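Number of protein chains: 2
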Amino acid sequence: MDLKAYLATRQKEVDRALDRFLPKASTKPATIHKAMRYSLFAGGKRLRPILCLAATEACGGKIATALPLACALECIHTYSLVHDDLPSMDNDDFRRGRATCHKVFGDSIAILAGDALLTIAFEIATNATPTRRYNLRGIMSELAVAAGSCKLIAGQVADLEAEGRQTDRAQLRYIHENKTAAILATSVRFGAMSANATAKQLGAMTKFGRALGLAFQVIDDILDVTQTSEKLGKSAGKDVAAKKATYPAVVGLDQSRAEARKLTRQAHDSLSGFGTKAELLHALANYLLEREY
Amino acid sequence: MDLKAYLATRQKEVDRALDRFLPKASTKPATIHKAMRYSLFAGGKRLRPILCLAATEACGGKIATALPLACALECIHTYSLVHDDLPSMDNDDFRRGRATCHKVFGDSIAILAGDALLTIAFEIATNATPTRRYNLRGIMSELAVAAGSCKLIAGQVADLEAEGRQTDRAQLRYIHENKTAAILATSVRFGAMSANATAKQLGAMTKFGRALGLAFQVIDDILDVTQTSEKLGKSAGKDVAAKKATYPAVVGLDQSRAEARKLTRQAHDSLSGFGTKAELLHALANYLLEREY
Numbered sequence: 018m019d020l021k022a023y024l025a026t027r028q029k030e031v032d033r034a035l036d037r038f039l040p041k042a043s044t045k046p047a048t049i050h051k052a053m054r055y056s057l058f059a060g061g062k063r064l065r066p067i068l069c070l071a072a073t074e075a076c077g078g079k080i081a082t083a084l085p086l087a088c089a090l091e092c093i094h095t096y097s098l099v100h101d102d103l104p105s106m107d108n109d110d111f112r113r114g115r116a117t118c119h120k121v122f123g124d125s126i127a128i129l130a131g132d133a134l135l136t137i138a139f140e141i142a143t144n145a146t147p148t149r150r151y152n153l154r155g156i157m158s159e160l161a162v163a164a165g166s167c168k169l170i171a172g173q174v175a176d177l178e179a180e181g182r183q184t185d186r187a188q189l190r191y192i193h194e195n196k197t198a199a200i201l202a203t204s205v206r207f208g209a210m211s212a213n214a215t216a217k218q219l220g221a222m223t224k225f226g227r228a229l230g231l232a233f234q235v236i237d238d239i240l241d242v243t244q245t246s247e248k249l250g251k252s253a254g255k256d257v258a259a260k261k262a263t264y265p266a267v268v269g270l271d272q273s274r275a276e277a278r279k280l281t282r283q284a285h286d287s288l289s290g291f292g293t294k295a296e297l298l299h300a301l302a303n304y305l306l307e308r309e310y
Numbered sequence: 018m019d020l021k022a023y024l025a026t027r028q029k030e031v032d033r034a035l036d037r038f039l040p041k042a043s044t045k046p047a048t049i050h051k052a053m054r055y056s057l058f059a060g061g062k063r064l065r066p067i068l069c070l071a072a073t074e075a076c077g078g079k080i081a082t083a084l085p086l087a088c089a090l091e092c093i094h095t096y097s098l099v100h101d102d103l104p105s106m107d108n109d110d111f112r113r114g115r116a117t118c119h120k121v122f123g124d125s126i127a128i129l130a131g132d133a134l135l136t137i138a139f140e141i142a143t144n145a146t147p148t149r150r151y152n153l154r155g156i157m158s159e160l161a162v163a164a165g166s167c168k169l170i171a172g173q174v175a176d177l178e179a180e181g182r183q184t185d186r187a188q189l190r191y192i193h194e195n196k197t198a199a200i201l202a203t204s205v206r207f208g209a210m211s212a213n214a215t216a217k218q219l220g221a222m223t224k225f226g227r228a229l230g231l232a233f234q235v236i237d238d239i240l241d242v243t244q245t246s247e248k249l250g251k252s253a254g255k256d257v258a259a260k261k262a263t264y265p266a267v268v269g270l271d272q273s274r275a276e277a278r279k280l281t282r283q284a285h286d287s288l289s290g291f292g293t294k295a296e297l298l299h300a301l302a303n304y305l306l307e308r309e310y
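For the record, the sequence lines run as chains A and B. Sequential numbering of the first sequence, starting at 18, is according to my numbering. Sequential numbering of the second sequence, starting at 18, is according to my numbering.
Written out as structure tokens, the structure is:
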């Protein structure tokens, strides 16, 4: 299987769907829709949507059925980046190799564009197709919980509060689990749910998403230390400069790499029940987790 | 009918329900839940929830059935205030007579608290009881649209963009319709929908909510000019200082008062089909629109 071609195809499908779901850039007031689109179409990898779509395929579902939830997840991810980059948060000027939303549109429009992307995620999610096992109420509720104050936002808060402070392994795990792994787990869960997966399949996907999410974040932490800004497309070394709680800072580079390998193995192992149907998910995990770290 | 006693009772019911729906202040991470609760329990009038509940009663529905949507609307309203007060937005230090969220918790937590209140609104809304005519999909979608980039956020953006610029009556109307009237209309619509209202009833409620919302905002504009900060519980004269687009600024005080009276009449007239069942809504409209302006 040619993974690069697969990713390119899926990215295009997701982009087309997002383009359909978003108001046109000219829709009044144009400023907000331009800002939303600026950040949403900034060359993101579409990791969460593609995981959602690959998970639905592994469970025997159809791409088209899972697309609205895949797009909702990308809107939530993008909103969190836009707010995260604000001067009063991480104060980042670059993201994916170009100026962040507030650098182009100003802080107030960036706040509102983030708000609007978060809001439209729920509008898009109402287009989900419920199945025999999973109704719209449960789907909408899970989306709100995953993005809410006990998951995604909890991770953000703990991350901010850990800055410049002594952090232990448990706190670090808490941050990564909530800030990154929760939404990745929801991504594959939504794919599975869109395919009316059994409880066992859903459980396996949840484990896969969590392990993959944690591994991904540990590797991101490592890359911030070991790579150049040019290669990352965002400011490297920012974590160290901001005294962020990261794996290399807490357990050192060697231990971090060992942890990443362990989590990667867990991710692959959790898919054992799917056999060859999970080939794509294995390949995606390899692609994400075998970056040079 | 003793309106003050009625309002006090309903406020308590809404407060109790919000308290149930929100994570406890001690829930980890405590900072975010304290900040959410600080702004949500800051002595707000609960106007939107109470309108929702009164509308459901007028359509023969039960309070308990409409409470989740009433609470969701209050969370959205509070989020919009928290973000609106931020330094990069309206930069307000006081709200409802006490320090704004970012003055107490800092800008980053205030941004996240607003995000979390917006997100939890959708979680709470999934507790709505669908009726024969109105399903959960339609309800969730309407909530997202009302709070989204073509309504609530559109009003915010247009409001920001009008600052310090020449504004005409049509633009002013656009701001008020989207910033205030849209959510008020959704409030009474959700009350009606919770009662399985007929299309005719829902249409009348929509007209009522819009007229009431516009009248309310025109009067708010007038009060900013004519009242003291002490009486308002927020900084008076801010609109003029910030060169905001307001009715008094665009059409003068006399014309603004005439407009408020006209809209108030429209609000009352739109309820004619409900007869005595709308007594409470008439009383609420009087209460809101007969402030000294």
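C-beta: ideal position from N, C-alpha, C; glycine also. Please read all numbers here as calculations on a predicted model, not as lab measurements.
If you drop the 5 nearest sequence neighbours on each side, which residues of the same chain put their C-beta closer than 8 angstroms to that of residue i?
i         : result
B/Thr-44  : His-50
A/Gln-188 : Ala-175, Ala-179 and Ala-262
B/Arg-186 : Val-267 and Val-268
A/Ile-126 : Thr-48, Ile-49, Ala-52, Cys-118 and His-119
B/Leu-177 : Met-106
A/Ile-239 : Tyr-264, Pro-265, Leu-270, Ser-273, Arg-274, Ala-277 and Tyr-310
A/Ala-142 : Pro-85, Leu-86, Ala-89, Ile-156, Met-157 and Leu-160
A/Tyr-304 : Leu-20 and Leu-24
B/Asp-101 : Asp-107, Asp-109 and Gln-173
Quick one: what's got a C-beta closer than 7 angstroms to residue i's C-beta in the same chain, skipping five residues either side?
i         : result
A/Gln-283 : Ala-228
A/Gly-181 : Lys-260
A/Asp-110 : Ala-116, Thr-117 and Lys-120
A/Asp-124 : Leu-103 and Pro-104
B/Thr-184 : Ala-262 and Val-267
My understanding is that residue i touches residue j, with C-beta atoms under 8 angstroms, so please give their C-beta distance in whole angstroms.
i         : j         : result
A/Arg-113 : A/Gly-60  : 5 angstroms
A/Ala-221 : A/Gly-131 : Incorrect: roughly 33 angstroms between the Cβ atoms, too far for contact.
A/Leu-68  : A/Val-205 : 5 angstroms
B/Leu-306 : B/Ala-277 : 7 angstroms
A/Thr-136 : B/Ala-161 : 5 angstroms
A/Leu-86  : A/Phe-233 : So it is not a contact: roughly 20 angstroms between Cβ atoms.
A/Leu-153 : B/Arg-154 : 6 angstroms
B/Ala-42  : A/Pro-46  : Actually they do not touch by this definition, with Cβ atoms about 37 angstroms apart.
Is the beta carbon of residue j closer than 8 angstroms to that of residue i?
i         : j         : result
B/Gln-173 : A/Leu-57  : no
A/Leu-91  : A/Arg-54  : Residue 91 of chain A is actually Glu in this sequence, not Leu. Taking 8 angstroms as the Cβ cut-off, A/Glu-91 and A/Arg-54 do not qualify as a contacting pair.
A/Ala-231 : A/Asn-195 : Strictly speaking, residue 231 of chain A in this sequence is Leu, with Ala absent from that position. No, Cβ-Cβ distance for A/Leu-231 and A/Asn-195 is not below 8 angstroms.
B/Val-257 : B/Val-242 : yes
B/Leu-70  : B/Ala-300 : no
B/Ser-287 : B/Lys-217 : no
B/Cys-88  : B/Ala-34  : yes
A/Glu-30  : B/Ser-158 : no
A/Leu-298 : A/Ala-75  : yes
B/Thr-281 : B/Ala-302 : yes
Note down, in chain order, each residue of its chain lying with its Cβ closer than 6 angstroms to the Cβ of residue i, except the 5 sequence neighbours on either side.
i         : result
B/Thr-148 : Asn-213
A/Leu-134 : Met-53, Cys-92, Thr-95 and Tyr-96
B/Thr-82  : Thr-146 and Ser-211
B/Tyr-151 : Met-210
B/His-193 : Leu-231 and Gln-234
A/Ala-72  : Val-205, Gly-208, Ala-209 and Met-222
A/Asn-156 : Sequence inspection shows Ile at residue 156 of chain A; the Asn mentioned does not correspond to that position. Correct list, in chain order: Ala-145.
A/Ala-138 : Ala-89, Cys-92 and Ile-93
B/Gly-226 : Leu-201, Ala-202 and Val-205
So does residue i have its beta carbon nearer than 7 angstroms to some heavy atom of the ligand SAM?
i         : result
A/Asp-286 : As presented, the structure is devoid of all ligands, the ligand SAM included, so that no description of it is given.
Can you confirm whether residue i, when its beta carbon is compared against all beta carbons of chain D, has any partner nearer than 8 angstroms?
i         : result
B/His-100 : The structure shown contains no chain D; its protein chains are A and B.
Q) Mind listing which residues of the region 146–170 of chain A have their C-beta closer than 7 angstroms to chain B's C-betas, in chain order? A) Here the close residues are Leu-153, Arg-154, Met-157, Ser-158, Ala-161, Val-162, Ala-164, Gly-165, Ser-166, Cys-167 and Ile-170.
**Q.** Complete runs of the alpha helix (DSSP H) confined to the region 142–211 of chain B [at least 4 residues]
**A.** Every unbroken stretch of the alpha helix (DSSP H) spanning 4 or more residues and falling wholly within the region 142–211 of chain B is given here in chain order: 153–164, 169–179, 186–193 and 199–211.
Q) Between the region 108–122 of chain A and chain B, which residues of the former have a C-beta closer than 8 angstroms to a C-beta of the latter? A) Listed in sequence order: no entries.
Q.
Going residue by residue through the region 102–136 of chain A, where are the continuous alpha helix (DSSP H) segments of at least 4 residues, counting only ones entirely within it?
A. Taken in chain order, the complete alpha helix (DSSP H) segments of 4 or more residues contained in the region 102–136 of chain A are 118–122.
**Q.** Inside the region 251–275 of chain A only - alpha helix (DSSP H) runs reaching at least 4 residues
**A.** Listed in chain order, the complete alpha helix (DSSP H) runs (minimum 4 residues) inside the region 251–275 of chain A are 255–258 and 264–268.
Q: Taking a Cβ distance cut-off of 7 angstroms, strictly less, list which residues of the region 194–222 of chain A are near chain B, in chain order.
A: Listed by position along the chain: nothing, the set is empty.
Q: Could you list the residues in the region 75–89 of chain B with a C-beta less than 8 angstroms from some C-beta on chain A, going in chain order?
A: Across the region 75–89 of chain B, no CB contact with chain A closer than 8 angstroms is found for any residue.
Q: Closer than 9 angstroms, Cβ to Cβ, to anything on chain B: give me those residues from the region 124–138 of chain A, in chain order.
A: Listed in chain order, the positions of the region 124–138 of chain A with a beta carbon within less than 9 angstroms of a beta carbon of chain B are Asp-124, Ser-125, Ile-126, Ala-127, Ile-128, Leu-129, Ala-130, Gly-131, Asp-132, Ala-133, Leu-134, Leu-135, Thr-136, Ile-137 and Ala-138.
Q) When you check each C-beta in the region 170–186 of chain A against every C-beta of chain B, which residues fall closer than 8 angstroms? A) So the close ones are Ile-170, Ala-171, Gln-173, Val-174, Ala-175, Leu-177 and Glu-178.
Q: Identify each residue in the region 48–73 of chain B for which the Cβ-Cβ distance to at least one residue of chain A is less than 7 angstroms, and report them in chain order.
A: Taking 7 angstroms as the cut-off between beta carbons, the residues of the region 48–73 of chain B near chain A are Thr-48, Ile-49, His-50 and Met-53, in sequence order.
(Q) For the region 32–43 of chain A, list every residue whose C-beta sits within 8 angstroms of some C-beta in chain B, in sequence order. (A) The residues in question are Pro-40.
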